[in-house]
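One structure is given here, and the rest of the page talks about it.
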Amino acid sequence: MPNKPGEVDLWPANLPPGARWLPYQPRRYQPALPAAPPLPPTAPVPPAPSTTFWSTLSRRYWRVLLAAAAGAGLIGIGGGMAVGLLVGAH
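Residue numbers (my numbering): 129 to 218.
This is the structure:
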């Protein structure tokens, strides 16, 4: 039997047939609090326009791009020379 009024006795022996034992403590029903009214929509702020596309890229990017292109060219030339030596082409 429940000790206090309004308390539910959930001992497995007192459950109706077919009911399952809950692995957690039941909570009392709490009605939801009223939701706050939604905020009015605001217009998105557009980003500041850039003067040119090229000014947004850093100098480091261009240096790395130039070094990568030069390195790829050297690798291509070296690979072509190695193939020429192996095949014996003049």
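For glycine and all other residues, C-beta sits at the position ideal for the given N, C-alpha and C.
What's the gap between the Cα of Ala200 and the Cα of Pro172? 45 angstroms
State the start and end residues of the unbroken alpha helix (DSSP H) segment that holds Arg188. Arg187 to Val215
Alpha-carbon to alpha-carbon, Leu185 and Gly206: Taking the straight line joining both Cα atoms gives about 32 angstroms.
Using a C-beta cutoff of 7 angstroms, does Gly207 count as contacting chain B? No chain B appears in this structure, which consists of one protein chain only.
Nearest-angstrom Cα distance between Leu69 and Leu167? A query on residue 69 cannot be resolved here, the shown segment of the chain reaching from 129 to 218 and no further.
Give me the Cα-Cα distance between Ala197 and Ile203, rounded to the nearest whole angstrom. 10 angstroms
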